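Have a look at the structure below before the remarks.
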Amino acid sequence: MASWNLYFLLKLFLYFKGDLAPLWGANILFILILILPIERRWIRAVRLLVALAVAIPLLYYESFLPPFSHAIEQLGAIMKFDSSYMRELAERFIPVRLLWTGALAVVIYYLLNRWIRFTSLVLIAFISIPLWHVIDAKLSLRAGPAAPIVASAVAAGAGDGTLNVAGGNYEAVLKHFRETEAPRRVIFKPADPRADARFDIIMIHVCSLSWDDLRVAKGMNNPLLSHFDYLFTHFSGAVSYSGPAAIRLLRADCGQTSHKDIYKPDSPECHIFSVLHQEGYTPQIALNHDGLFDDFIGDVTRNIGVPGIKKMSLEGLPVAIKAFDGSPVRDDLAVLDRWWAARQKVKGPVALYYNTITLHDGDHMVGSDSKLSSVKSYPIRLTKLMSDVDKFISVVKSSGRKAVLVFVPEHGAALEGEPGQIAGLRDIPTPRIINLPVGVRLINFTGKRGPTQIISAPSSYLALAQLLANMVADSPFKPDSPPMVQYSTNLPHTAMVGENEGIITLPTPNGYAMRDAAGNWTVQNESR
Numbered sequence: 039m040a041s042w043n044l045y046f047l048l049k050l051f052l053y054f055k056g057d058l059a060p061l062w063g064a065n066i067l068f069i070l071i072l073i074l075p076i077e078r079r080w081i082r083a084v085r086l087l088v089a090l091a092v093a094i095p096l097l098y099y100e101s102f103l104p105p106f107s108h109a110i111e112q113l114g115a116i117m118k119f120d121s122s123y124m125r126e127l128a129e130r131f132i133p134v135r136l137l138w139t140g141a142l143a144v145v146i147y148y149l150l151n152r153w154i155r156f157t158s159l160v161l162i163a164f165i166s167i168p169l170w171h172v173i174d175a176k177l178s179l180r181a182g183p184a185a186p187i188v189a190s191a192v193a194a195g196a197g198d199g200t201l202n203v204a205g206g207n208y209e210a211v212l213k214h215f216r217e218t219e220a221p222r223r224v225i226f227k228p229a230d231p232r233a234d235a236r237f238d239i240i241m242i243h244v245c246s247l248s249w250d251d252l253r254v255a256k257g258m259n260n261p262l263l264s265h266f267d268y269l270f271t272h273f274s275g276a277v278s279y280s281g282p283a284a285i286r287l288l289r290a291d292c293g294q295t296s297h298k299d300i301y302k303p304d305s306p307e308c309h310i311f312s313v314l315h316q317e318g319y320t321p322q323i324a325l326n327h328d329g330l331f332d333d334f335i336g337d338v339t340r341n342i343g344v345p346g347i348k349k350m351s352l353e354g355l356p357v358a359i360k361a362f363d364g365s366p367v368r369d370d371l372a373v374l375d376r377w378w379a380a381r382q383k384v385k386g387p388v389a390l391y392y393n394t395i396t397l398h399d400g401d402h403m404v405g406s407d408s409k410l411s412s413v414k415s416y417p418i419r420l421t422k423l424m425s426d427v428d429k430f431i432s433v434v435k436s437s438g439r440k441a442v443l444v445f446v447p448e449h450g451a452a453l454e455g456e457p458g459q460i461a462g463l464r465d466i467p468t469p470r471i472i473n474l475p476v477g478v479r480l481i482n483f484t485g486k487r488g489p490t491q492i493i494s495a496p497s498s499y500l501a502l503a504q505l506l507a508n509m510v511a512d513s514p515f516k517p518d519s520p521p522m523v524q525y526s527t528n529l530p531h532t533a534m535v536g537e538n539e540g541i542i543t544l545p546t547p548n549g550y551a552m553r554d555a556a557g558n559w560t561v562q563n564e565s566r
């Protein structure tokens, strides 16, 4: 097979690295066709052309990359990326070090090829590996059934945030999860009408921040985290893209629906800002970007549930970052300060939806740090964003106005990357990408504060909506308010089920199970 050995050796390397799931039968047949002796040159030429036409699509199909059809669909969006981001992505897909390593491997192969029969070794490997899997499976069956395992995320159907994945029937687990989530609702009781009980709700929706990103960026000890009164440590964002994340947050009052269903009209009672509007709140929208990419602002205005709301103007505000598509991203504190100044003209409580893309992959800083890649500048941008939120809390506090600030990320940035996904790629909504640091701060609260209430149970938007509903109905700012812990008691639990278009993930004890666009399930174990 000559040079074809390199192709199959690459597959074996990627398989043992955890980045490939070879179709063993197809590869064995492919090898046998390639080693079949053919005398006529034109037939050999035809075989070579057919083999080349098969080899690349087969390798792509066996990888954990998103379906090729999805890549084609996203081509229009990708073409909107600016040139610096395109170069950065290219370097992540094919690092220079990998090119040098590959070149060295090719040289070593051709040197050893004189003495080692690589074709025989390749064929033996592709036959023995799947054979060993069959033998191992039969030995496991003889050993008897394994003890039931429950993933650390609630038993499907019990509403406690765990999924019983021990049997491996992931389709049934997913179906049960859907049936459990469908009827779930948060009902807002009438708000306390007393003036000293009313408060603003400031929802800060942060693009690209997960607990895993905080760890990688060394932000776990950021002061803002300790300033929250409530902190969710196992909060499922469910998705890994901005538009769906905004829709799910704005429909927080209802259980988790499928990806396709979030684009269908839903009951008004699901739209949290619509419900707050009925309770006397004035809903408002502000972003630190134009919101045009992938019609993000359209997703927000269609799902906020109150017609006619326009986003706040950003004209004249300082530009802090150049976005992945080349558009300007404004300074967070400057945007929030402008909104706060305008808010003073509104009578009664206000509910703000604020979205920031300061941490988005591909963003480049303006000024002395403009040469840094988006991955290297992420810790700097993270520190600045969290500092800006802390400063804004101080601004609100100094005014004396009561407010509940909700810090909720959309999804993670995938800073470190995972098997099958380079850093920044989020097609697979893995647990590390959808587990988000969600914090709630009561500003100008005069009661007994105490330590941060850690909410460690598997939770999602439903729990956040219930927490706010508890506060709206029984204000923590009134003189006779109950203890803070009471507001976070018995919040609804939700399993950490991730879903994008065509891809679904379920948590397992050692990683996650993934269903691809074709409906096939594979299990991915985490390396750590």
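The opening residue of the sequence shown carries number 39 in the numbering used here; numbering runs sequentially from there.
Positions of the beta carbon are idealized from the N, C-alpha and C atoms, including for glycine.
From a predicted model like this one, the values you see are computed outputs, not experimental measurements.
For the 9 Å CB-CB criterion, G536 and I472 form a contact. The Cβ atoms of A551 and Y208 lie closer than 9 Å to each other. Here DSSP, grouped into helix, strand and coil, assigns L247 to coil. Scanning its chain for C-beta atoms nearer than 8 Å, with the 5 sequence neighbours on each side dropped, one finds around V357 the residues P366, V367, R368, D369, V404, in chain order. M258 sits exposed, since fewer than 16 C-beta atoms from the chains shown fall within 10 Å of its C-beta. Within its own chain, the residues whose Cβ lies closer than 7 Å to the Cβ of L397, once the five positions on either side in sequence are excluded, are V244, C245, S246, L247, Y416, R419, L420, L423, A451, listed in chain order. Residue environment: K409 is assigned as exposed (fewer than 16 neighbouring CB atoms within 10 Å of its CB, all protein chains considered). Within the same chain, N482 come within 8 Å of G438 by CB-CB distance, once the 5 residues on both sides are set aside. Here DSSP, grouped into helix, strand and coil, assigns S280 to helix. Looking at the backbone, the Cα of L352 and that of F266 are separated by about 28 Å. Three or more Cβ pairs closer than 8 Å define a contact, and the region 476–496 meets that threshold against the region 268–283. Counting only runs of 4+ residues, no alpha helix (DSSP H) is found wholly inside the region 470–495. Between the beta-carbon of L443 and that of I242 there is about 7 Å, and that keeps the pair under the 8 Å contact cut. Excluding sequence positions up to five before and after A93, its CB lies within less than 7 Å of the CB of Y45, all in the same chain and listed in chain order.
Spanning the alpha carbons of F164 and I66 requires a straight line of approximately 6 Å.
Taking the Cβ atoms as the reference, I395 lies roughly 6 Å from A361, within the contact range of under 8 Å. Under the three-state reduction of DSSP, W559 is assigned to strand.
With respect to N260, G329 sits apart: the two C-beta atoms are not nearer than 9 Å.
Separation of G540 and A461 (C-alpha to C-alpha, rounded to the nearest whole angstrom) is 20 Å.
Separation of the CB atoms of A556 and I240 is rounded to 43 Å, and the pair is thereby denied contact status at 8 Å. Between L355 and R376, the CB-CB gap stays under 9 Å.
Looking only at R553, G488, L287, the smallest Cα-Cα distance to S264 is reached by G488.
For M522, the secondary structure class from DSSP, reduced to helix, strand or coil, is helix. Restricting attention to D399, W249, Q504, D512, the CA atom closest to the CA of F119 is found in D399. DSSP places M424 inside the alpha helix (DSSP H), whose first and last residues are 412–437. In the three-state reduction of the DSSP assignment, T394 falls in the strand class. Under the three-pair Cβ rule at 8 Å, the region 273–293 does not count as touching the region 512–526. Residue environment analysis places S158 among the exposed positions, since fewer than 16 neighbouring C-beta atoms fall within 10 angstroms of its C-beta.
Residue A229 holds the alpha-carbon nearest to the alpha-carbon of A507 among F445, I431, D304, A229. About 20 Å separates the beta carbon of W378 from that of V338, a gap too long to meet the 8 Å contact definition. Counting every other CB atom within 10 Å of its CB across the protein chains shown gives V384 a total below 16, marking it as exposed. F237 is positioned such that its CB atom lies no closer than 9 Å to that of L314. Secondary structure note for K360: its beta strand (DSSP E) is the uninterrupted segment 357–360.
Sequence-distant partners of I431 (beyond 5 residues in either direction) whose C-beta falls short of 8 Å from its own C-beta, in its chain, are H265, L443, R479, I481.
Under DSSP, T546 shares a beta bridge with G549.
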